[in-house]
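Asks: Last residue of the sequence shown: 215 in this note's numbering, with the numbers rising by one and none dropped. My questions all concern the structure below.
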Amino acid sequence: MTTIAELIDAAHYLSSLGLSPGTTGNVSCKIDGRIYLSASGATLGTLREDQLTIIDGESMTGPKPTKEVPLHLKFYELNPDASAVIHLHSPAASAYSCVKPWSEYSAFPPLSPYLVMKVGNVPSVDYQPPGSPTQADSLADVGVPFDSALLQNHGPITCGSVAQAVDRSIEIENSAGLALTLAGMDARVLTDAECEYLAQKNKRPWAYSDWRQ
Numbered sequence: 003m004t005t006i007a008e009l010i011d012a013a014h015y016l017s018s019l020g021l022s023p024g025t026t027g028n029v030s031c032k033i034d035g036r037i038y039l040s041a042s043g044a045t046l047g048t049l050r051e052d053q054l055t056i057i058d059g060e061s062m063t064g065p066k067p068t069k070e071v072p073l074h075l076k077f078y079e080l081n082p083d084a085s086a087v088i089h090l091h092s093p094a095a096s097a098y099s100c101v102k103p104w105s106e107y108s109a110f111p112p113l114s115p116y117l118v119m120k121v122g123n124v125p126s127v128d129y130q131p132p133g134s135p136t137q138a139d140s141l142a143d144v145g146v147p148f149d150s151a152l153l154q155n156h157g158p159i160t161c162g163s164v165a166q167a168v169d170r171s172i173e174i175e176n177s178a179g180l181a182l183t184l185a186g187m188d189a190r191v192l193t194d195a196e197c198e199y200l201a202q203k204n205k206r207p208w209a210y211s212d213w214r215q
């Protein structure tokens, strides 16, 4: 079962990797129907339990929440099995969010098998100002199955269990770094057949198929 301590440890770990500069990024978890969400201005590297806003239905208690409440709520709505959502401004992924996406279903090319194995689809979501409720609504219009996305000119967001969301956040950053490093080179990209094999074996959504079922 997901715990608040697990979420806080994850926030500290991601910060220690340099994936949440300053007060950027926000994390949440869902426990017994309640959502615990990092507060506005909280630093992930020093996040404490008293810096979590509690959302219980229409009720909201605790410190002022991050402006990205709509994104977190929409991710839980679209992925009802998820118990955590992580949104970062990690350096490579944020940089790549300013680049034209590789395809409709993946902002990054599948240069490494681990993007497909651990994450699957990472669609690029059109830019809107941070905190915009209409951006959260636009997630429902994405035409492929996904539990991770790249917000244009902004950064990555992903969900799952706490451990899965952490792993996916790290892999998204690694994939963005690879794509940036190899930009302009004649790099080999995994073939459709290779990606489909990895997606099916690891039960990850890829392209227009969802192998999680």
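Where a beta carbon is used, it is the ideal one built from N, C-alpha and C, also for glycine.
1) Enumerate, from N- to C-terminal direction, the unbroken beta strand (DSSP E) stretches of 3 or more residues contained entirely within the region 6-33.
2) Grouping DSSP H, G and I as helix and E and B as strand, with all else coil, what is Y38?
3) To the nearest angstrom, how far is it from the Cα of R36 to the Cα of P112?
4) Which residue wins for smallest C-alpha separation from Y210, given the options Y38, F148 and Y199?
5) Taking contact to mean 3 or more Cβ pairs, one atom from each stretch, closer than 8 Å, check whether the region 120-131 and the region 51-64 are in contact.
6) Considering only their Cβ atoms, is the gap separating A13 from A97 smaller than 8 Å?
7) Per DSSP, C161 is paired with what?
8) E8: which of I88, S105 and L152 sits nearest, CA to CA?
9) Taking the alpha carbon of Q130 as the point to measure from, which residue in L141, K120, G122 and L49 has its own alpha carbon closest?
10) Tell me the DSSP secondary structure of D188 in three-state form.
11) Taking the C-alpha atoms as reference points, what is the distance between A95 and W104?
12) Based on the DSSP output, what are the partners of G135 in its beta bridges?
13) With a threshold of 6 Å on Cβ separation, who are the neighbours of I57 within its own chain once the five nearest residues in sequence on each side are excluded?
14) Which value, in whole angstroms, describes the spacing of the CA atoms of A189 and T183?
15) Given a threshold of 16 other Cβ atoms within 10 Å of its Cβ, counted over all protein chains shown, does L21 qualify as buried or as exposed?
16) In terms of alpha-carbon separation, which member of E51, L192 and S99 lies closest to D11?
17) Can you give me the C-alpha to C-alpha distance between H91 and A181, rounded to a whole angstrom?
18) Mind checking which residues open and close the alpha helix (DSSP H) that includes A95?
19) For V29 and F77, I'd like the C-alpha separation in whole angstroms.
20) Assuming I33 contacts T55 under a Cβ cut-off of 8 Å, what Cβ separation, rounded to an integer in Å, is found between them?
21) Between Q154 and the rest of its own chain, which residues show a CB-CB distance below 7 Å, the 5 nearest in sequence each way excluded?
Replies: So, from the data block:
1) At a cut-off of 3 residues, the continuous stretches assigned as beta strand (DSSP E) that sit fully inside the region 6-33 are 28-33.
2) Counting from one through the sequence shown, the residue named residue 38 turns up at place 36. Residue state, collapsed to three classes: strand.
3) For the purposes of this step, residue 36 is taken as residue 34 along the sequence shown, with counting starting at 1. For the purposes of this step, residue 112 is taken as residue 110 along the sequence shown, with counting starting at 1. If you draw a straight line from the Cα of R36 to the Cα of P112, it is about 36 Å long.
4) Position 208 of the sequence shown holds residue 210. Of the candidates Y38, F148 and Y199, the one whose C-alpha sits nearest the C-alpha of Y210 is F148.
5) Flag = no, the region 120-131 and the region 51-64 do not touch.
6) Position 95 of the sequence shown, counting from 1, holds the residue named residue 97. Position 11 of the sequence shown, counting from 1, holds the residue named residue 13. The answer is no: Cβ separation not under 8 Å.
7) The count along the sequence shown starts at 1 and reaches residue 161 at position 159. When beta bridges are read from the DSSP output, C161 appears opposite V87.
8) On the sequence shown, residue 8 is found 6 positions in, with the first residue counted as 1. It is I88 whose Cα lies nearest to the Cα of E8.
9) To locate residue 130, count along the sequence shown from 1; it is residue 128. Minimum Cα distance to Q130 is reached at L141.
10) As a first step, residue 188 is located in the sequence shown; it is residue number 186 there, counting from the start. Coil at D188, not helix or strand.
11) In the sequence shown, residue 95 corresponds to position 93, counting from 1. In the sequence shown, residue 104 corresponds to position 102, counting from 1. One C-alpha to the other measures close to 13 Å.
12) As a first step, residue 135 must be located in the sequence shown, where it is residue number 133. As written in the sequence, residue 135 is Pro, which differs from the Gly given in the question. Answer by DSSP bridge pairing: none, since P135 is not bridged.
13) Reading the sequence shown from its first residue, position 55 is the one you call residue 57. For I57, where only same-chain residues beyond five positions count, the Cβ hits under 6 Å are I37.
14) Here residue 189 refers to the residue found at position 187 when the sequence shown is read from its first residue. Here residue 183 refers to the residue found at position 181 when the sequence shown is read from its first residue. Taking the straight line joining both Cα atoms gives about 10 Å.
15) One-based indexing of the sequence shown puts residue 21 at position 19. Classification of L21: buried, given that the 10 Å Cβ count is 16 or more.
16) By 1-based counting over the sequence shown, the position of residue 11 is 9. It is E51 whose Cα lies nearest to the Cα of D11.
17) Locating residue 91 in the sequence shown gives position 89, where the first residue counts as 1. Locating residue 181 in the sequence shown gives position 179, where the first residue counts as 1. Rounded to the nearest angstrom, the two C-alpha atoms are 17 Å apart.
18) One-based indexing of the sequence shown puts residue 95 at position 93. Looking at the DSSP string, the run of the alpha helix (DSSP H) that includes A95 is P93 to Y98.
19) Within the sequence shown, residue 29 is the residue found at index 27, counting from 1. Within the sequence shown, residue 77 is the residue found at index 75, counting from 1. Computed Cα separation, rounded: 12 Å.
20) Walking along the sequence shown from the start, residue 33 turns up at place 31. Walking along the sequence shown from the start, residue 55 turns up at place 53. Contact doesn't hold; Cβ gap of about 13 Å is too wide.
21) In the sequence shown, residue 154 corresponds to position 152, counting from 1. The residues S99, S126, V127, D128 and Y129, in chain order, have a CB closer than 7 Å to that of Q154 in the same chain once the five nearest residues on each side in sequence are set aside.
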